[in-house]
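Residue numbers (my numbering), protein chains in the order written: chain A, 1 to 393; chain B, 1001 to 1186; chain C, 2001 to 2331.
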Amino acid sequence: MLSQIEGSRAVAEAVARCRPQVICAYPISPQTHIVEALSALVKSGRLTGCEYVNVESEFAAMSVAIGASAAGARAYTATASQGLLYMVEALYNAAGLGLPIVMTVANRAIGAPINIWNDHSDTMSQRDSGWIQLYAESNQDAVDLHVLAFRLAEELSTPVMVCMDGFVLTHAVEPVDLPDPSQVDAFLPALRPRQVLDPAEPVSIGAMVGPEAFTEVRYLAHLTQLRALDRIPVLARELRDVLGRGGTGLVDPYRCEDAETVVVALGSVLGTLKDTVDELRAEGVAVGVLGVTTFRPFPADALREALRRARRVVVLERAFAVGVGGVVSADIAAAMAGTPQRHYTVVAGLGGRPVTRDSLHSMIADAAADQLAPLTFLDLDHDLVRQATGGQP
Amino acid sequence: MYEIRLHGRGGQGVVTASELLSVAAFNEGRYAQAFPSFGSERTGAPVAAFCRIDDRRIRLREPVRRPDAVIVQDATLLRHVDVFAGLAPGGLVLLNTGLDTFDGIPPGVRTHLVPATQLALEHIGRPVPNAPLLGAFAAASGQVALESVVRAIRQRFTGRMAEANVAAARHAHALVSAQQRERADA
Amino acid sequence: MTVQRVKFYQTGSFAVGNRLLDPAQRSTQARMDRANSITSGHRACQGCGEALAARYVLDAASRATGGQLVVVNATGCLEVFSTPYPESAWRVPWLHSLFGNAPAVASGVAAALRARGRTEIRVIGQGGDGGTVDIGFGALSGMFERNDDVLYVCYDNQAYMNTGVQRSGATPPAARTATTPAVGPQPGNTFGQGKSAPLVAMAHEIPYVATATVAGLRDLEAKVFRAMQLRGARYLHVLVPCPLGWGSGTGETIRLGRLAVETGLFPVFEAERGEVVAVTPIRRRLPVEEYLRPQRRYAHLFEPAVRSDVIERLQAMADRNVRRFHLGGKR
């Protein structure tokens, strides 16, 4: 049903339709509206069969989810930024134990300095944790990805985080088609855990694994994630058949077929990029956009295929690796090793600085003329930097 | 695409106004996007919110920098915030004030001064000027019908509060409509 | 035939089993059908108080719940010596997550069982003193505050034993650990404020709080039974001597537990909703020195010279416990 609804509330409605059994939440901007909406759904009786646990920290939130999932319940939580970091130990634990937890991360910068606005520092910092990472371009996308996430997590017995830009998406009110509960039920069956704590058949979960077996256990986790690269398009297609909309789940190419310059990006900035590309195309510039939906596992093949005909690739990053440069661009460069394309990394929108069409126009113009430095920070105040560094650019 | 920027202070319902505006457009089958300019707003601090209305899907995510209309819920902001930034000649200004004239509005823009706080106090009993300004916007811009605004208000609020806001919106709409007729006659 | 005078302390015999006792009063450990929740073959040190207490607690809990039990374990000795992949000593459903989150994970298990309509299955969270009073303290308090239906058991051997005997918030004053070495003018752990997890649990006014030691099998079993009769957050704090960490003989574990009680250093009591409802009075009050001497972690109080100043302070702590908890007993 099409509703004009805030992103957070749309996600809460989507999660509710997935019949979670345990929701545990600790509030942090800009995720608060999600967990508030879910608490109202549970307390009012609209969402039944669900225990809502108010926990004392994000570390507790993921820990409660771990216990709940291990005991056979469909578990969900949500966080952002500092909260994600506070639960890192538990993140790795959940992935290592193969628990199909789904978590929303309302992408927000990480301090210091404290900053509550949107960028991808938080989830990018956890790309090695073993969690599958899906990035939503719009609130519709966020809703559909949550449904996909639960099915994917439970099929592979691996946790999945759905990343949506904090404030930009969570607090935006726009039309969203909320799937009918029957549609979600058709796509998402009841949880059948790979292993479960049950006195009828006792198991020990969480043993200590020594050098003789640890590598194999971790390699198997790697293989499981790689299997996701095959399963995501299949499940996305199945979901598309149910909902009548949706992409491949891995990457989303836009006007890339004959593009000389392709801008690669994740998340809500893709919307602004698509408008920019349309404007530039009208001026005859051969530019396209490649959205990345699944970042972990990294869809190297799909990416290489989509960028095959481009002359240059501009990676628009919403996070960066201090002392190194790009994060996403490093994975892209590795995937495209040996190919002739030129690569540019542009770090943009850190800490919620708006990424504007105007700036993107200049960026693409410079890239098309190969006048871009390998690494640039979009809209950097050079005067301020010069002042602060006593002259160094 | 029609872009609106709303300015006010925390506690005056600026964000709600932008959302209601988007719901009003949605109620007419159009595409609308509303979002706040986010900060750790406290009551009284300047806030801004944005609304875009179009007939096709809106993909853009940047703040509204070239508004077609600016709604100012608190006139004291003019001293501190460049509320008219990016507003082109021919653009629309709705300013909440009981005065008949107001200094500081750029030339060449269509302006309607609306005593929204007074109307709010009269109909709602609280100085929350957002609903009347939405009614005024409907009249001044023609982008949404008054009845769409009314429906949006009733979807968000219930009972006496809803009807009080509706009454204030209708009253403001009538005022602005009268202003438009005066100008047309002049 | 020699005649041996047998001395009974009523039915509270120190013996695990006693053929002269009514079978109904037989301890769980003495029963043929005991669950053996943690079975033999694990790698605990000889004389490990924690391994013993875990077996006592979980077998009693198993009996009290008809085997409908799930156990969540914090990182620590108990977890490490019981689950060296690919082996496990646990015959109950068992989950180990992290060091500081066992109370939260247990809360999660309880929530799942509620959601799935399986509340006949009971949840026990367990960990050492480090995981409970230090790194897990926030999670423990959260669990108490929510009154989650979990019995949390702390096996207190008064230091981070698994990682090499470092000091924890539960390490008693003057005790030597790897991070409170017996050097300098104030050898061993400082005289700090202490951190009484049982008293903190009582401050949360949860349905049941109790202390026990590995020396009092029947008392411990009875407390587990009592706890499993109740719903909501329950906390059991068990003193478990560690021969390695305490520098005591491997055959001394139970005796030291008893001495801790009889000196007054470890008060044994029960509380419900923040009020003490029962205490175990001290039979024969002993001076703290009798407890300290057999432990090399206190050797510096006796060699090269007797540190009567420190011993007196420890005695004062014991005396205060006796007064505060009305432990009675003659000295």
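Glycine is no exception: its CB is placed at the ideal position from the N, C-alpha and C atoms. As the structure is a computational prediction, the values presented were derived from the model and not from experiment.
Backbone CA spacing between residue i and residue j [nearest angstrom]
i: residue 2318 of chain C; j: residue 2265 of chain C; result: 5 Å
i: residue 334 of chain A; j: residue 299 of chain A; result: 12 Å
i: residue 2272 of chain C; j: residue 2122 of chain C; result: 19 Å
i: residue 194 of chain A; j: residue 2033 of chain C; result: 31 Å
i: residue 2154 of chain C; j: residue 1049 of chain B; result: 53 Å
i: residue 1107 of chain B; j: residue 1090 of chain B; result: 9 Å
i: residue 227 of chain A; j: residue 1044 of chain B; result: 53 Å
i: residue 2059 of chain C; j: residue 230 of chain A; result: 47 Å
i: residue 183 of chain A; j: residue 1069 of chain B; result: 41 Å
i: residue 2189 of chain C; j: residue 2300 of chain C; result: 11 Å
i: residue 102 of chain A; j: residue 160 of chain A; result: 5 Å
i: residue 2112 of chain C; j: residue 97 of chain A; result: 17 Å
i: residue 379 of chain A; j: residue 2093 of chain C; result: 56 Å
i: residue 1058 of chain B; j: residue 1032 of chain B; result: 7 Å
i: residue 236 of chain A; j: residue 376 of chain A; result: 35 Å
i: residue 2328 of chain C; j: residue 2313 of chain C; result: 20 Å
i: residue 2259 of chain C; j: residue 2289 of chain C; result: 10 Å
i: residue 1129 of chain B; j: residue 1117 of chain B; result: 5 Å
i: residue 1001 of chain B; j: residue 1127 of chain B; result: 31 Å
i: residue 225 of chain A; j: residue 12 of chain A; result: 26 Å
i: residue 145 of chain A; j: residue 77 of chain A; result: 15 Å
Where residue i sits in the DSSP three-state scheme
i: residue 291 of chain A; result: strand
i: residue 2331 of chain C; result: Any reading at residue 2331 of chain C is ruled out, since the residue's pLDDT is 45, under 50, leaving its predicted position unreliable.
i: residue 26 of chain A; result: coil
i: residue 2016 of chain C; result: coil
i: residue 177 of chain A; result: strand
i: residue 2119 of chain C; result: coil
i: residue 37 of chain A; result: helix
i: residue 2055 of chain C; result: helix
i: residue 2284 of chain C; result: strand
i: residue 2103 of chain C; result: helix
i: residue 2324 of chain C; result: helix
i: residue 2151 of chain C; result: strand
i: residue 83 of chain A; result: helix
Bridge partner(s) assigned by DSSP for residue i
i: residue 1003 of chain B; result: B:1052
i: residue 2317 of chain C; result: DSSP, once it has assigned bridges, lists no residue as partnering residue 2317 of chain C.
i: residue 2269 of chain C; result: C:2279
i: residue 1071 of chain B; result: B:1006, B:1094
i: residue 252 of chain A; result: A:291
i: residue 134 of chain A; result: A:162, A:294
i: residue 2156 of chain C; result: C:2239
i: residue 2094 of chain C; result: A:204, C:2071
i: residue 3 of chain A; result: A:176
Span of the alpha helix (DSSP H), counted from its first residue to its last, around residue i
i: residue 2246 of chain C; result: 2243-2246
i: residue 66 of chain A; result: 58-70
i: residue 270 of chain A; result: 269-282
i: residue 1176 of chain B; result: 1159-1185
i: residue 363 of chain A; result: 357-368
Unbroken beta strand (DSSP E) run spanning residue i, endpoints
i: residue 2275 of chain C; result: 2275-2279
i: residue 2126 of chain C; result: 2122-2128
i: residue 377 of chain A; result: 375-377
i: residue 2219 of chain C; result: Here residue 2219 of chain C belongs to no beta strand (DSSP E); instead the alpha helix (DSSP H) covers 2217-2229.
i: residue 143 of chain A; result: Element bounds for residue 143 of chain A: not the beta strand (DSSP E) but the alpha helix (DSSP H), 139-156.
i: residue 1035 of chain B; result: 1031-1037
Q. Taking a cut of 8 Å between CB atoms, which residues from the segment 1050-1073 of chain B lie near chain A?
A. 1058, 1059, 1060, 1061, 1062, 1063, 1065
Q. Can you list, in chain order, the residues of the segment 2099-2112 of chain C whose Cβ is nearer than 9 Å to any Cβ on chain A?
A. 2099, 2100, 2101, 2102, 2103, 2104, 2105, 2106, 2107, 2108, 2109, 2110, 2111, 2112
Q: Can you give me, in chain order, the residues of the segment 2064-2096 of chain C that have a beta carbon less than 7 Å from any beta carbon in chain A?
A: 2067, 2068, 2069, 2070, 2072, 2080, 2083, 2084, 2085, 2088, 2090, 2091, 2092, 2093, 2094, 2095, 2096
Q: Note down, in chain order, all residues in the segment 150-176 of chain A with a beta-carbon under 9 Å from any beta-carbon belonging to chain B.
A: 165, 166, 167, 168, 169, 171, 172, 173, 174, 175
Q | Within 7 Å of chain B by C-beta, residues of the segment 246-279 of chain A in sequence order | A | 268, 269, 271, 272, 274, 275
Q | Under 8 Å (Cβ pairs) to chain C, residues found in the segment 8-42 of chain A | A | 21, 22, 24
Q: Check distances from the C-beta atoms of the segment 192-207 of chain A to those of chain C and list, in chain order, the residues that come in under 7 Å.
A: 197, 198, 199, 202, 203, 204, 205, 206, 207
Q) Residues in the segment 1143-1159 of chain B with C-beta within 7 Å of chain A's C-beta atoms, listed in sequence order? A) none
Q: Return the residues of the segment 105-118 of chain A that lie within a Cβ-Cβ distance of less than 9 Å from chain B, sorted by chain order.
A: 116, 117, 118
Q: Would you list, in chain order, the members of the segment 2114-2126 of chain C that have their beta-carbon closer than 8 Å to a beta-carbon of chain A?
A: 2114, 2115, 2116, 2121
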